[in-house]
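**Student:** If you're matching them up, the sequences are chains A and B in order.
Going by full-length UniProt numbering, the first residue of the first sequence is number 1, and it counts up by one from there.
Going by full-length UniProt numbering, the first residue of the second sequence is number 1, and it counts up by one from there.
Don't be surprised by glycine CBs; every beta carbon is placed ideally from N, CA and C.
These numbers come from a predicted model, not from an experiment.
One structure, as structure tokens, below. Some questions next.
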Amino acid sequence: MTPIAASVGSLYTEGWSLVISPTTLLLILAGVLVGMIVGAIPGLTANMSVAVLVPLTFTMSPTEAIAVLTGIWLGSMYGGTLPAVLINMPGTPADLMSTIDGYPMSRRGEGGRAIGIGVLSSFLGGTFSVLVLGTAGPTLAAFARNFGSAEYFAVAVLGLSVIAFVSGSSMSKGIISALIGLLLGTIGRDALTGQTRLTFGQDELFGGLDFIAVVVGIFGLAEVMEQVYARRHRVKERPQEIAGVWAAVKDVRPLKWVIARSSVIGTVVGAIPGAGATIASVISYGTQKQVSKQPEKMGTGAPEGLSASDSANNAASGGALLTMLSLGIPGDSLTAILLGALIVQGVEPGPLLFENDTQLVSSIFICLLIANVCLLLIGMFGARYFAKVLDVPRTLMYPLITVACISGAFALNGSTFDVWVMLLSAVLGFLFARADIPKAPLVLALILGPILETNLRRLLSLHDGDVTASAGTLVTSPVGLPVLLLTAALFALPMIRALRHRNPARRVGEQHPADVGPRRK
Amino acid sequence: MTARQLPKDIISGILFVLLGGGALWATSELGGGASIAEDPALLPRVVGVGLIVSGVVLVGLCLVRRRLGVTGADDAESIPVDLPVPEWDDRAEDDDSAPGEWRVVIGLAAAVILYVAGAFELGFITSTAAFVVAAGLILGRRRDARSLIVLVVFAVVVAIVAFSGFFELLNVRMPITPLR
């Protein structure tokens, strides 16, 4: 194997000079604060907050940009725990399992303790995954340096196949969403031949659709419209009281194995291309229920249930970044947005990044560690103040987000064309929600599409267009074959499970976890 | 059967078939290279065919479900998972039969389009402030004096902060407009 380009030790040290500046530290703090505020508002997701604020990072250095964006990401993940505990409504989809035990705790007067457990579990889960990122990142990157077109094509297909798991109850709708993402990704000039595709004579489309404009529309403005459609702007929340946040410190010791197990699950699931924090928390909660000594108490306000969910969803962040930074393949839709933001900065995530810019990788790693510490401090000291966010009238909040979406889309290239792309994407996102079609596969396919196409065509051209010979290379590759088998398994498993559960009595009331969430009809 | 009665899966399926057909049509004139590897239409055409097949599958599954009298996610490709499902607070949630807030959505969408048209033609700050006030009223903000004053002040602050944050800070060139 190729020697590890960036040693593990260097990742812990080299980036400090980039991070230890008042601006960067302030940006991390601001990111966590903004993330917590946005995450605390039910319906406003981490995807939305990161996507809407990406344009503001364009004038920053890559380290500053990643500092603020990861701060927002982690902050929103924690912020989502607040409404999950206080009003039984997850702030972000990744917090949906936190409602199951968090809200019952809150109802019996332990809201502060529940939030404290959430903060501490998030901090420990997040920190664990960052340490894994620092250790496993260079190794994975060194391994991936040997990847050729066949391997990259296989990994991109794997990323798309996880759509089977993130598509809710209907796999065909997930596939359709991904196909539309692939189609949108082909708009513009073909990278290999220079011919224009699907541009309909529009000069502005020659460079392709701006990824960030599409994401801001789909996750930003479309979600505002969905919230309005679901009448969330008319809701006046009545949160439970918060007291005794620090009492949760005593819970950490008895929960240590829950946190450890959930952190490992979160990191591993997060690292699988296409999975993400929501799936991680669902699997972690399910595992905890299976191994719990008192499974009957889970769902009635058991700290272990809340801890399992919150540890895993924050741990997924490091896992997802591991895949994104070392392979250049996004772990979930949020890392797809981060990937887009880094590419705008001129940074190309992938194995060579660990070799060519160790300092930047190290700074990202350190930013994540600091963001987790900020999350701990702000979360423990500021929980009761963040809960006030639930009082902010939506009649002010939604117009504000709309203005941010439109201004951000214009700021991408100083062009109103991007604003119209954003608006059309918002319409598409809203229609997807109406037709119960998941949006995450579209975003993943939009960023994976060019990787998939370029490597497929490179592979074909290596064999003069011979499909059989190309397929032979793919299946004889030590990476390609296992990855393709895993892909086949990911597609087949849900269907096999579905067939095994065809007993109608068992199906009553059952839902796929990806379908569970605030219904926005 | 009226359009309203058609299940949304059937409507979606038909639209995807049309979209797939459109992709095939739009790439029909793309010149193929010497080999399949140099054909720029390879992926769009594969995706077009995929959309047609998926659309047909979606419609077919929906028709089969209707024929069998099966509703909701209770179909062959649903993915049951033995996990507890959170009980949602239903204060603001609709069931499938309840109409959504279409009127407000359309009103807000119209305001957004007017805002986009105005912001970069007439003037960003003025249009933004006007949009925030209009959107607040469309969303049902109370119309007593105090609420309106708060809304207007908020709108002006948002307009100035957005202008400074996005355009002054990022040095993005704004079109020269009659109203700043």
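1) Closest to E348/A by CA distance: which of M324/A, V467/A and A40/A is it?
2) Are R113/A and G244/A touching if we call contact CB-CB under 8 Å?
3) List the residues of chain A whose Cβ lies closer than 8 Å to the Cβ of E38/B, in chain order.
4) A411/A CB to nearest chain B CB: under 8 Å?
5) Under 7 Å Cβ-Cβ, which residues of chain B neighbour L183/A?
6) Where does G35/A fall in DSSP's three states?
7) Look up G188/A in the DSSP assignment and say whether it is helix, strand or coil.
8) From this set, E38/B, F131/B, V59/B and G20/B, which residue's C-alpha is nearest L192/A's C-alpha?
9) Runs of 4 residues minimum, wholly inside the region 12 to 39 of chain B: which ones carry the alpha helix (DSSP H) assignment?
10) Mind checking S164/B: buried by the 16 CB within 10 Å criterion, or exposed?
11) Would you mind stating whether P441/A and G181/A have Cβ atoms separated by less than 8 Å?
12) Around the Cβ of P28/B, are there at least 16 other Cβ atoms within 10 angstroms (buried) or fewer (exposed)?
13) According to DSSP, is R232/A helix, strand or coil?
14) Considering only C-alpha positions, which residue in the set G266/A, S170/A, A411/A and T300/A is nearest to L61/B?
15) Indicate whether at least one CB of chain B lies closer than 8 Å to the CB of S407/A.
16) Closer than 8 Å, CB to CB, is L56/A near chain B or not?
17) Measuring straight from C-alpha to C-alpha, what distance separates E14/A and A445/A?
18) Can you check DSSP and say which residues form a bridge with R197/A?
19) Along the chain, which unbroken stretches of the alpha helix (DSSP H) at least 4 residues long are found entirely within the region 438 to 477 of chain A?
20) Is the separation between the beta-carbon of N413/A and that of D210/A shorter than 8 Å?
21) In chain order, what residues of the region 218 to 231 of chain A put their CB closer than 7 Å to some CB of chain B?
22) With a CB to CB cut of under 8 Å and the five nearest residues on each side skipped, what residues in its chain are close to S12/B?
23) When burial is assigned at 16 or more other CB atoms within 10 Å of the CB, is P478/A buried or exposed?
24) Taking L474/A as the reference, give the member of V268/A, A154/A and G126/A with the closest Cα.
25) Kindly list, in the order they appear in chain B, the residues whose Cβ is closer than 8 Å to that of residue 522/A.
26) Check the Cβ-Cβ distances between R67/B and every residue of chain A, and say whether any is below 8 Å.
27) Would L108/B and I138/B be called neighbours here (beta carbons separated by less than 8 Å)?
28) DSSP state of D418/A, grouped into three classes?
29) Quick one, which of S61/A, M60/A and V119/A has its alpha-carbon nearest A248/A's?
30) I'd like to know whether the C-beta of P438/A is nearer than 8 Å to at least one C-beta of chain B.
31) Can you tell me whether DSSP reads N413/A as helix, strand or coil?
32) Quick one: what's got a C-beta closer than 6 Å to L30/B's C-beta in the same chain, skipping five residues either side?
33) So for D101/A, helix, strand or coil by DSSP?
34) Keeping to the same chain, check which residues put their C-beta closer than 7 Å to that of T199/A; ignore five residues upstream and five downstream.
35) Using only the alpha-carbon positions, how far apart do G69/B and G134/A sit?
36) Exposed or buried, W73/A, counting other C-beta atoms within 10 Å across all chains shown (16 or more means buried)?
**Tutor:** Result, derived from the coordinates:
1) M324/A
2) yes
3) L192, T193, R457, S461 and G465
4) yes
5) A23, P44 and V47
6) helix
7) strand
8) The shortest Cα separation from L192/A among E38/B, F131/B, V59/B and G20/B belongs to E38/B.
9) none
10) S164/B comes out exposed.
11) yes
12) Per the sequence shown, residue 28/B should be read as Ser rather than Pro. Exposed: under 16 other Cβ atoms inside 10 Å.
13) helix
14) S170/A
15) yes
16) yes
17) 34 Å
18) DSSP lists G188/A as the beta-bridge partner residues of R197/A.
19) 440 to 462 and 467 to 476
20) The Cβ atoms of N413/A and D210/A lie closer than 8 Å to each other.
21) The residues in question are M225, V228, Y229, A230 and R231.
22) G55 and L58
23) The residue is exposed, with fewer than 16 neighbouring Cβ atoms inside 10 Å.
24) A154/A
25) The first residue shown for chain A is 1 and the last is 521, placing residue 522/A beyond what the model contains.
26) no
27) With respect to the 8 Å criterion, L108/B and I138/B are classified as neighbours on the basis of their beta carbons.
28) It is helical.
29) V119/A
30) no
31) helix
32) P40 and A41
33) The answer is helix: DSSP assigns D101/A an H, G or I state.
34) These residues qualify, in order along the chain: I187, G188, L205 and F206.
35) Taking the straight line from one Cα to the other gives about 54 Å.
36) buried
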